[in-house]
Amino acid sequence: MKIKKISYVDSNWELENINLGPVNLIIGKNSTGKSRTLQTIDLLVKMITQKRDLNWGGHWNVTFENHKKEFINYQFSTGAQNRGVTFEKMLVDNNLVLTRNKKYKKNIKIKNFINKGQFDYIYPPDNKLIIHTNRDIKKYPFLEDIVNWADQSYGFKFGNISPYSLLNQQEYDLLTAVEDIPTLFLSLKKLDKEQIIADFNSIGYKISDIVVQEKGEYSTINIKEENVDKFIPHYKLSQGMFRALAVIVYVQYLISRKRPSTIIIDDLCEGLDYERATKLGKLIFDKCLSNDIQLIATSNDSFLMEVVDLKYWNVLVREGKKVKAINKESNSTLFEDFRFTGLSNFDFFSSNFIKSQSL
Numbered sequence: 001m002k003i004k005k006i007s008y009v010d011s012n013w014e015l016e017n018i019n020l021g022p023v024n025l026i027i028g029k030n031s032t033g034k035s036r037t038l039q040t041i042d043l044l045v046k047m048i049t050q051k052r053d054l055n056w057g058g059h060w061n062v063t064f065e066n067h068k069k070e071f072i073n074y075q076f077s078t079g080a081q082n083r084g085v086t087f088e089k090m091l092v093d094n095n096l097v098l099t100r101n102k103k104y105k106k107n108i109k110i111k112n113f114i115n116k117g118q119f120d121y122i123y124p125p126d127n128k129l130i131i132h133t134n135r136d137i138k139k140y141p142f143l144e145d146i147v148n149w150a151d152q153s154y155g156f157k158f159g160n161i162s163p164y165s166l167l168n169q170q171e172y173d174l175l176t177a178v179e180d181i182p183t184l185f186l187s188l189k190k191l192d193k194e195q196i197i198a199d200f201n202s203i204g205y206k207i208s209d210i211v212v213q214e215k216g217e218y219s220t221i222n223i224k225e226e227n228v229d230k231f232i233p234h235y236k237l238s239q240g241m242f243r244a245l246a247v248i249v250y251v252q253y254l255i256s257r258k259r260p261s262t263i264i265i266d267d268l269c270e271g272l273d274y275e276r277a278t279k280l281g282k283l284i285f286d287k288c289l290s291n292d293i294q295l296i297a298t299s300n301d302s303f304l305m306e307v308v309d310l311k312y313w314n315v316l317v318r319e320g321k322k323v324k325a326i327n328k329e330s331n332s333t334l335f336e337d338f339r340f341t342g343l344s345n346f347d348f349f350s351s352n353f354i355k356s357q358s359l
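Counting with my numbering, you get residues 1 to 359 for the letters of the sequence shown.
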């Protein structure tokens with residue numbers, strides 16, 4: 001299950017039709033809404049998993065693609081000040097399967113796939129989405145698809161990763177039932193641990209071993225660098241080295257579970273030098289692309305931009321409270337014209353090429 005498109009509107013902000021692929025790099029000038037776009041996905045996940053209430057006064061329009069290649073379009077509106085759900089609608093391949101309008105409480109219905117596709121009339125409470133009250137994998141499989149997507153969605157802010165704080169204690173996170181980096185590493189099989197060491201070497205950090213030392217309530221992950229006699233505990237690593245290690249361990253953990261997942265990373269490669277930023281960025285994008293992990297990352301790192309194909313870009317542009325995305329799907333001619341300029345990927349973002357075109 002992958003998210004393909006998202007729009008969101010509230011009284012202060014409007015996100016207009018961002019198209020998403022198997023891996024994604026969201027870029028934009030400061031204050032255009034990169035982090036807020038990820039926070040919008042964060043909020044969507046937490047509302048579906050009931051980790052946040054519904055009193056946000058916004059309208060959502062989200063399209064997913066499930067493992068059957070069916071497109072599920074889910075729209076809903078919520079009111080502020082405990083007004084609850086005011087509107088809900090779902091279509092599967094453009095066929096209506098769910099409809100709800102607060103004005104017509106006696107006409108809320110959902111398609112039953114067991115009962116020859118007939119509609120069931122239901123009566124959910126105002127403060128719950130139908131996805132919270134009517135889960136049944138056989139009757140309403142489309143609801144389960146969305147819940148499973150939310151349950152398998154994770155994320156963090158790259159710049160907040162620190163050897164001194166647990167990854168799952170960040171204020172900004174999508175983590176569900178996931179432990180800190182030493183505990184994640186300890187849970188992996190031998191082959192996964194060997195892959196992490198190989199990946200860490202591939203981005204320029206020459207190490208020969210990684211071990212975890214458990215000390216009561218806390219654990220440390222210790223690194224053995226080549227030509228260095230002693231292991232180095234993770235809290236003595238440089239900030240960039242630990243951030244790179246944390247992301248590599250985390251992605252390998254998701255790969256080891258062999259489940260389709262979504263991971264969002266804000267400010268990927270922030271603070272890394274050219275060699276580590278380009279190699280880590282390419283490694284993470286390639287691993288996610290080849291292992292059914294949908295990656296949605298933001299960054300303004302010029303090094304990272306050079307190694308991520310433009311077809312995976314969303315360039316955000318903001319006018320007032322409205323944010324729209326320029327991408328290859330919505331502006332194919334623009335991207336095709338740029339291909340013949342001979343300019344670098346970063347030039348696509350930093351030059352006036354986009355402004356000079358009529359969008």
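Just so it is clear, CB atoms sit at the ideal spot from N, CA and C, and this is done for glycine as well. Quantities reported herein were computed from a predicted structural model and do not represent experimental measurements.
query	result
Whole-angstrom C-beta distance between L188 and S77, which should lie under 8 Å	Contact flag wrong, Cβ pair sits at about 42 Å.
Residue range of the alpha helix (DSSP H) that includes I293	Counting along the chain, I293 falls outside any alpha helix (DSSP H), though it belongs to the beta strand (DSSP E) covering 293–298.
7 Å Cβ shell around E226 - same chain, five flanking residues per side excluded	K206, I207, S208
Cβ-based burial, K51 [other Cβ within 10 Å; buried from 16]	exposed
Spatial neighbours of N82 in its chain, beta-carbon cut-off 8 Å, leaving aside the 5 residues before and after	N55, N127
Stretch-stretch touch, CB-based, cutoff 8 Å, three pairs: the stretch 333–345 with the stretch 56–68	no
Through-space distance from Y74 to I388, alpha-carbon basis	Here the chain has residues from 1 to 359 only, and residue 388 is not among them.
Euclidean distance between Cα positions of K105 and Y123	7 Å
Three or more C-beta pairs below 8 Å linking the stretch 135–148 and the stretch 209–224	no
CB contact flag (K157, D286, <8 Å)	no
Segment contact flag, the stretch 272–285 with the stretch 180–195, C-beta cutoff 8 Å, min 3 pairs	no
According to DSSP, residues forming a beta bridge with D209	K224
Cβ-Cβ separation, L245 to F200 (assumed contact under 8 Å), whole Å	6 Å
C-alpha distance - S35 paired with L316, whole-angstrom precision	11 Å
Contact belief for G204 with E275 at Cβ below 8 Å, rounded distance in angstroms	5 Å
Alpha carbon of H234 to alpha carbon of I181, nearest angstrom	10 Å
Proximity of N107 and F87 at Cβ, strictly below 8 Å	no
Simplified DSSP state of T278, which is helix, strand or coil	helix
Local conformation of R259 per DSSP, three classes	coil
CB of A198 within 8 Å of CB of I26, strictly	no
Three-state class that DSSP yields for A325 in the structure shown	strand
Alpha carbon of L254 to alpha carbon of C288, nearest angstrom	9 Å
Within 8 Å, strictly: CB atoms of F335 and L304	no
G130 and F119 closer than 8 Å at C-beta	According to the sequence shown, residue 130 is Ile rather than Gly. No, the Cβ-Cβ distance between I130 and F119 is not below 8 Å.
Range covered by the beta strand (DSSP E) that runs through W149	Not the beta strand (DSSP E): W149 falls in the alpha helix (DSSP H), residues 141–151.
Buried/exposed call for S332, threshold 16 Cβ in 10 Å	exposed
Buried versus exposed, by CB contacts within 10 Å (16 or more), I3	buried
DSSP state of P182 mapped onto helix, strand, coil	helix
Distance cut-off 7 Å: R243 Cβ against heavy atoms of the ligand ADP	Annotation note on the ligand ADP: not contained in the displayed structure, which lists no ligands.
Sub-8 Å separation of L184 and V249 beta-carbons	yes
DSSP state of R318 mapped onto helix, strand, coil	strand
For M1, the residue or residues it bridges with in DSSP	Answer is none; M1 lacks a bridge partner.
Neighbourhood of D10 by C-beta distance below 6 Å, restricted to the same chain and skipping five residues each side	G57, G58
Residues bridged to F71 [DSSP beta-bridge criterion]	E65
Alpha helix (DSSP H) segment containing D53, residue limits	Note, D53: premise wrong, no alpha helix (DSSP H); not H, not E.
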